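*Asks:* Sending over a structure as structure tokens; questions will come in a sec.
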Amino acid sequence: MLARLLRHRMVLPAALVAGVGVAGALSVAVGAGAQGSSSPVQTTTTTTTTTAPGSSVTSTTTGGANANSVAGSAQAGKPTGGTQTLRGSNGRACKAPTYGVGPANSGTPRSSIRRCSGGQLVAYGNKAILYQIPSQASGQPPSQRYLAAGESLFEQNCSSCHGPAAAGSAAAPNLVGVGPATVELWVTTGLMPAQTPLSVQAPPKPPRLSDAQAAEIAAWINSLDPAAPYVPKVNLKGANLADGASLFALNCAACHTITGAGDALAYGTFAPNLHKPTPTQIASAIRTGPINMPVFSGNLSDSQVRDIVAYVSEKIQHPTNNGGFGLGGVGPVAEGFVALLVGVGGLVLVCYWIGERA
Amino acid sequence: MSEIEEAPRGDGGAPVAVDHDAEHRSAVPMPVARFDDPHLGDAARHPRRTEVIIALFLIVGIAGVAAFGGAFVENASTQVLAVSFGVGLFGLGFGLTAWGKYLMPRGPFEEARHELRNSDSDRQAMAAALVERTGVVVKRRRVLGGLLGTGFGIFGVVAAFPLLRSLGPVPGKTLFVTDWRKGSLLVDVNGRPVHKDDLQPGGLLTVFPNGFENTDNGQAVDQTVLIRLQSSGNIVTMRGRENWGPDGFVAYSKVCTHLGCPVGLYERQLELLVCPCHQSMFKVRDGAVPTFGPAPRPLPQLPLTIDPDGYLRAQAGYNQPVGPGFWERTTPAWENTSPR
Amino acid sequence: MNTFVKPRTQREARAARGRYGRVQQIVDELDDRLGIAKGGRTFLDKIFPDHWSFMLGEIALYSFIILVATGIFLTLYFVPSQTVVVYHGVYKPLDGMRVSEAYASSIDLSFAVRAGLLMRQMHHWAADIFVGAIVVHMARIFFTGAFRKPRELNWTIGVLLLILAIFNGFLGYSLPDDLISGTGIRIAYSILLSIPFVGSYLAVWLFGGNFPGHIIIERFYILHVLILPIIIAALIGAHLTLLVRQKHTQFPGKGRTEHNVVGSPMYPTFMAKTTGFLLMVTGVIAVMGGLFQINPIWQFGPYQADKISYAVQPDMYMGWLDGALRIMPSWEWVGFGHTLPWEVFLPAVIFPGLIFNLCLVWPAFERLFTKDQSIHQLLDRPRDRPKRTAAGAAMLALIFMVFCASSTDVLANFFHLSLNAVLWFFRIAVVVVPIIAGWVTWRICLEMQHGGTAIGRRKRAMVISRTAEGEYVGVTAEQRPGDEGEELEPLPVPRQIEVEPPARLGAAGEPVGASTGVDGGNGAGVRRVPR
């Protein structure tokens, strides 16, 4: 009876559908479950230093592994917050945001070059990278009209999720005190405005706002609570490509692959492909650590970042492909398929021509 | 019964010469094929069109191979060299194969399969040769045979000694120890000591004990990943490790406990170290406990301390062997700790 | 000829040589010294069955020849040393970097040696194709039952060749000491460590100390260019010798029995086709070697133990082991003072050991199962042995699933899925898909048996009609008129061939000089138009 049942002609299609359905359901369930799972992390935090308003040190911890929170990214560049008085290169004093302590020339206002204007630090850095505040003309602080334009753009494009005062909401983090580099990076790469605010990781898409508009929004958000880092402008002249390659291999290749092709990380997160970003975007990402990227500030000097940016701009984005078609730069996976399909497959077709069919 | 041909003997018993020529006039089959026999295909004819097509391919082949020569002399690019060489050889090969397929006798022809096996009497003769002669030798010379066998056996074993043992040292303690000691100064890959202000929260750095950042052992075994989770406060990853993570810093061995790849992939918001080789995932706040993937044990944690000048130092070495498991590894994974 | 008379004219000289001229002279001289005439003729008359699937082994053989040829070129430039040097060569982005001599010489090969990159890439593609062709050839042998008595030894040699080819490939791509292959060497070291009792000794002995040591590239080098190629070449020689001695198998068909071989003769047909095929294989590999980039080590940088890249799968013939390592759960035994890392030992040592041992014992297993001890010279059609075909399909599906499991991160990135979900999918698929594949194959074989297509050059169509109830019924079509003469009766290889003279029309408009009859066998076999 069972044998007859198994011989029924619908058994095969039913089994295939059932098998595919079960496998698919299991994968989705496991994937969804894996994404949401995170053991509550309890830390016994004995805070001894005062934390600046707006900096949410605890939010990075009690939020657990919820990948939705960009709060960590936003606040990472601002461990202590606040402002300090610095002397510009012309000797005049001006107000500058505090941004860690760190060694000199490692992405903080503690740099060889400091430019003050209108009582505000408008640029800092060194020959390798110059960090500038976004404004209508470089070397000047942003004017009221500039800030008003930024506020209006923010209201139209961002306030629905981030709140009218950029203070954040359930769907989006607090942007006060994140610094202009972060804002400009996210908007010029098109990650923001977000398509679906509740996805695991904001998916890459073409930018909706122009670079100028991104700069205006960044200036306005920065005006709420000035923070570093400013928007980096990288001077690629004099970069050492070999050092850049070595630093890239040590710090970046583990996520982005050694050819910069990008790859899938845990629980639905991704390290993006590095073929499109501009030098400014690369340097901003390195210094601010967007989404799940670590923050490389203090442990990499500006000239080291310049070397990495030069390596990415020249050798990652324009790779030497002397050997022919690059097969996507993903390495042996693609090579294996080509060897089997084109190589062995093609030669088997030749055999089919040479030999007989019977 | 074997049939052994004896040399013919003349009078007096001496062997005489035999006329072998008679044997050389052998009976070879002499079939003849007409030129229009279908078995020959077009072998005996001159089909113009086929010949022209094959000739064209051979000309392409000649051109390609000659072009390769020229390209080589001119130091042309790899693509030009490859296409000329490949097209040339392929053209020649295609022409030759087409010649064989269309213009040569294609058959079907047959040849007989002679049985591989020999006659039963041959088989018995061979077995007899082995058994009888061996029997004569071995049955009577057991002691000698035993001694010889023992000699060869021992030689077989000791012959492996130089092949294996001379290759390298015994493992000893090399898999159990690193160069981290009490008070070791953490340095980065360029030898710069790491100050607590050098790393922002969310930062990651590969560190080594001072003086070992350029050695093989330093890079392969001592390599440690230093992460700053927050700007202040102790990070307690497990019970018993209350002061291992000062000021938001934690440090783990970078050698994956699965197969030894450097665990350089850190996801800042998820606080997850992911090994790029086989995607084992380690939760950084919980003592690098593996929560997914094939890694069996947490990454060993390096106890940190901050010296009076603000530089990071190790309180002690690792409390267990770093890296993948091996037979002699005895330290329990959770030594000196227990999950909180 | 016992008396020698010096010929006076060219015509006399020609006559003195006999019907086959100088060639006869050469054959006579060689035969006097070497006795080659009879054996040589047998060799030239040797018959090779024509089926296209019998050429798959030649793909492997010829890619091996290309490996040796390109490999010799590479050995003239490669320096197998881990000594650290500062690179100051042609490729500027590496200028000033401290790299091993092995890496530096590989970069020089790629940029400074003329045609060096072509040779490197041809060598690498040929290695992939070599292993792929062995697997395809092995599948053909398996599915047609060519491993049965008397060819079990040849099957064993073939499986050993597959193992050695895979291993030699691993050694070969590890030689340039770049970031990705160096990671593979680290993994190999850890796999050795995982072996119980002797693992740590084996690992430390092979590497001359703890990882990375200073000697592993040199040891890999001598294994890769000398020791393993000698063994592989010897095994290939034995493989071909057995093939010549036992003669090739053939599919059943008209005039084909267990006691003959039917096909085309060695000289000239098979020699031409196979030599042409050698040239074509070389051509394809050459084109791939220049148009498709493979292993661009200058983009990877030198291997250093604290550096790593993502997407570091090994080459495809090792990829199945990487996939097994990824999907294995983290089961490690710790107790009684010892550790047994099952999460490494099982997928990296036990699993391939089981697979290869299953391949090695398969002929004996099948003999046991089918109780068939007779000699087989005719092949099976795969559909006629559904259980064996289904088992082979299940095995191929398993290996393919495990191979795909090694690219979980690339697949997750390409299809924008969660990495964890993709891994779980493969953990399930590795078990489920082979079962489904085996069962589906078995059903297909049974269906095809009922179809009953005739064996012969011209396949007969199957006409599918639908009954009123909706059931599909397949019936073999009638043989087309004119197809009856397609199959020719096999003949012995002819000694003499009449050559058609170039067609010339005589005064009456008829072709002149056409032959009129079958030669009796002792006259002039070659007819020419009288001048």
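Chains as they are written, first to last, in numbering that gives the first Met the number 0: chain Y, 0 to 357; chain G, 0 to 339; chain P, 0 to 530.
Note that the Cβ used here is the ideal one computed from N, Cα and C, for glycine as well.
These figures come from a predicted structure and were not determined experimentally.
#1: Just checking, does the stretch 176 to 183 of chain G make contact with the stretch 300 to 318 of chain G on the three C-beta pairs under 8 Å criterion?
#2: Please say whether Ser99(P) and Phe108(G) have beta carbons closer to each other than 8 Å?
#3: I'd like to know if Glu151(P) contacts chain G, where contact means its C-beta is closer than 8 Å to some C-beta of that chain.
#4: So, Ala476(P) versus Val462(P), is the Cβ gap smaller than 8 Å?
#5: Restricting to runs no shorter than 3 residues, where is the beta strand (DSSP E) found entirely within the stretch 172 to 234 of chain Y?
#6: Can you grab the Cα-Cα spacing for the pair Leu5(Y) / Leu397(P), in whole Å?
#7: By the three-class DSSP mapping on this structure, what secondary structure does Pro208(G) have?
#8: For Pro92(P), return the contacting residues in chain Y, with the cut-off set at a CB-CB distance below 9 Å.
#9: Could you tell me the alpha carbon to alpha carbon distance between Ala341(G) and Asn320(Y), rounded to whole angstroms?
#10: Taking all protein chains shown into account, do 16 or more other C-beta atoms lie within 10 angstroms of the C-beta of Gln23(P), making it buried, or fewer, making it exposed?
#11: Is it right to say Pro200(G) is buried, meaning 16 or more other beta carbons lie within 10 angstroms of its own, or is it exposed?
#12: Indicate whether at least one CB of chain B lies closer than 8 Å to the CB of Leu116(P).
#13: Is the distance from the Cβ of Lys253(G) to the Cβ of Thr223(G) below 8 Å?
#14: Kindly indicate the opening and closing residues of the alpha helix (DSSP H) around Glu217(P).
#15: Kindly list, in the order they appear in chain P, the residues whose Cβ is closer than 7 Å to that of Pro168(G).
#16: Pull up the distance between the alpha-carbon of His375(P) and that of Val89(P), whole angstroms please.
#17: Between which residues of its own chain and Arg44(G) is the CB-CB distance below 8 Å, once the five residues before and five after are set aside?
#18: Would you mind telling me which residues of chain Y sit closer than 7 Å to Leu108(P), beta carbon to beta carbon, in chain order?
#19: In this structure, how does DSSP classify Val249(G) when only helix, strand and coil are distinguished?
#20: To which residues of the same chain is Pro96(Y) closer than 6 Å at the C-beta, ignoring the five residues directly before and after it?
#21: Could you list which residues in chain Y have their beta carbon closer than 9 Å to that of Ser199(P), in chain order?
#22: If Leu249(Y) sits next to Lys314(Y), beta carbons under 8 Å apart, how far is it from one beta carbon to the other, in whole angstroms?
#23: Listing by chain order, which chain P residues have their CB less than 7 Å from the CB of Gly288(Y)?
#24: Where does Cys403(P) fall in DSSP's three states?
#25: Just reading off the beta strand (DSSP E) that Val84(P) is part of, what are its end residues?
#26: Looking only at C-alpha atoms, which of His161(Y), Gly178(Y), Thr187(Y) and Gly176(Y) sits nearest to Ala170(Y)?
#27: Taking DSSP as the reference, what is the three-state secondary structure of Asp177(P)?
#28: For Asp362(Y) versus Leu208(Y), is the C-beta distance shorter than 8 Å?
#29: Go to Phe108(G), then tell me how far its beta strand (DSSP E) extends in each direction, as first and last residue.
#30: Mapping the DSSP letters down to three states, classify Gly62(Y) as helix, strand or coil.
#31: Is there a Cβ of chain G sitting closer than 8 Å to that of Leu239(P), yes or no?
#32: Which chain P residues sit within Cβ distance under 7 Å of Leu39(G)?
#33: Near Thr258(Y), what residues of its chain come up, given a Cβ to Cβ distance below 6 Å and the 5 sequence neighbours on each side ignored?
#34: For a contact meaning CB atoms closer than 8 Å, what does His255(Y) contact in chain P?
#35: Taking Cβ positions only, does Pro203(Y) come closer than 8 Å to chain P?
#36: Going by DSSP, which residues form a beta bridge with Trp438(P)?
*Replies:* With the structure as the only source:
#1: yes
#2: In the second sequence, the residue the question calls residue 108(G) occupies position 109. In the third sequence, the residue the question calls residue 99(P) occupies position 100. Cβ distance not < 8 Å, so Phe108(G) and Ser99(P) don't count as in contact.
#3: As a working mapping, residue 151(P) is identified with position 152 in the third sequence. No, Glu151(P) does not count as interfacial toward chain G.
#4: Counting from one through the third sequence, the residue named residue 476(P) turns up at place 477. Counting from one through the third sequence, the residue named residue 462(P) turns up at place 463. Yes, they are a contact pair.
#5: 230 to 233
#6: If you number the first sequence from 1, residue 5(Y) lands on position 6. If you number the third sequence from 1, residue 397(P) lands on position 398. Straight-line Cα distance between these residues: approximately 24 Å.
#7: Numbered from 1 along the second sequence, position 209 holds the residue referred to as residue 208(G). Residue state, collapsed to three classes: strand.
#8: Translated into the one-based positions of the third sequence, residue 92(P) becomes position 93. Those are Leu240, Ala241, Gly243, Ala244, Tyr310, Glu313, Lys314 and Thr319, listed as they occur along chain Y.
#9: In the structure displayed, chain G extends from 0 to 339; residue 341(G) sits before or after that span and is not available.
#10: One-based indexing of the third sequence puts residue 23(P) at position 24. Label assigned to Gln23(P): exposed.
#11: Here residue 200(G) corresponds to residue number 201 of the second sequence, with the count starting at 1. Pro200(G) is buried by the Cβ-count criterion.
#12: The chain labelled as chain B is not found among the protein chains of the depicted structure, namely Y, G and P.
#13: What you label residue 253(G) is simply residue 254 of the second sequence in a count that begins at 1. What you label residue 223(G) is simply residue 224 of the second sequence in a count that begins at 1. Their beta carbons are under 8 Å apart, which means Lys253(G) touches Thr223(G) by this criterion.
#14: Counting from 1 along the third sequence, the entry for residue 217(P) is found at position 218. That run of the alpha helix (DSSP H) goes Ile215 to Ile221.
#15: Residue 168(G) sits at position 169 when you count from the first residue of the second sequence. Chain P residues near Pro168(G): Val203 and Gly208.
#16: What you label residue 375(P) is simply residue 376 of the third sequence in a count that begins at 1. What you label residue 89(P) is simply residue 90 of the third sequence in a count that begins at 1. Using only the alpha carbons, I get a separation of about 60 Å.
#17: Taking the second sequence and counting its residues from 1, one reaches residue 44(G) at position 45. Excluding the 5 residues flanking it on each side, Arg44(G) has same chain C-beta neighbours closer than 8 Å at Phe34 and Asp35, in chain order.
#18: Position 109 of the third sequence, counted from the first residue, corresponds to residue 108(P). Residues of chain Y with a Cβ closer than 7 Å to the Cβ of Leu108(P) do not exist; the shortest Cβ-Cβ separation is about 12 Å.
#19: Locating residue 249(G) in the second sequence gives position 250, where the first residue counts as 1. Strand.
#20: Residue mapping note: residue 96(Y) aligns to position 97 of the first sequence, counting from 1. Thr82, Pro225, Ala226 and Ala227.
#21: In the third sequence, counting from the first residue as 1, residue 199(P) sits at position 200. Ordered by position in chain Y, no residue passes the 9 Å Cβ test against Ser199(P), which lies about 28 Å from the chain.
#22: Position 250 of the first sequence holds residue 249(Y). Position 315 of the first sequence holds residue 314(Y). Between Lys314(Y) and Leu249(Y) the Cβ distance is about 16 Å, and since that is not below 8 Å, they are no contact.
#23: Position 289 of the first sequence, counted from the start, is the residue given in the question as residue 288(Y). The contacting residues do not exist; Gly288(Y) stays about 18 Å from chain P at best.
#24: One-based indexing of the third sequence puts residue 403(P) at position 404. It is helical.
#25: For the purposes of this step, residue 84(P) is taken as residue 85 along the third sequence, with counting starting at 1. Start and end: Val83 to Val85.
#26: Counting from 1 along the first sequence, the entry for residue 170(Y) is found at position 171. With distances taken between Cα atoms, Ala170(Y) lies closest to His161(Y).
#27: Counted from its first residue, the third sequence places residue 177(P) at position 178. Residue state, collapsed to three classes: strand.
#28: The question about residue 362(Y) has no answer, for chain Y in this structure spans 0 to 357.
#29: Indexing the second sequence from 1 puts residue 108(G) at position 109. Note, Phe108(G): beta strand (DSSP E), Phe108 to Ala111.
#30: Here the question's residue 62(Y) lines up with position 63 in the first sequence. Confidence at Gly62(Y) is low in this model, with a pLDDT of 32, below 50, so its placement is unreliable and no value can be given for it.
#31: Your numbering for residue 239(P) matches position 240 in the third sequence. No, its Cβ sits nowhere closer than 8 Å to a Cβ of chain G.
#32: Against the second sequence, residue 39(G) aligns to sequence position 40. Going along chain P in sequence order, the residues near Leu39(G) (Cβ under 7 Å) are Ile496.
#33: Looking up residue 258(Y) in the first sequence gives position 259. The answer, listed in chain order, is Gly328.
#34: Indexing the first sequence from 1 puts residue 255(Y) at position 256. The answer, in chain order, is Tyr309.
#35: Taking the first residue of the first sequence as 1, we reach residue 203(Y) at position 204. Not an interface residue.
#36: As a working note, residue 438(P) is residue 439 in the third sequence. The partner list for Trp438(P) (beta bridge, DSSP) is empty, contrary to what the question assumes.
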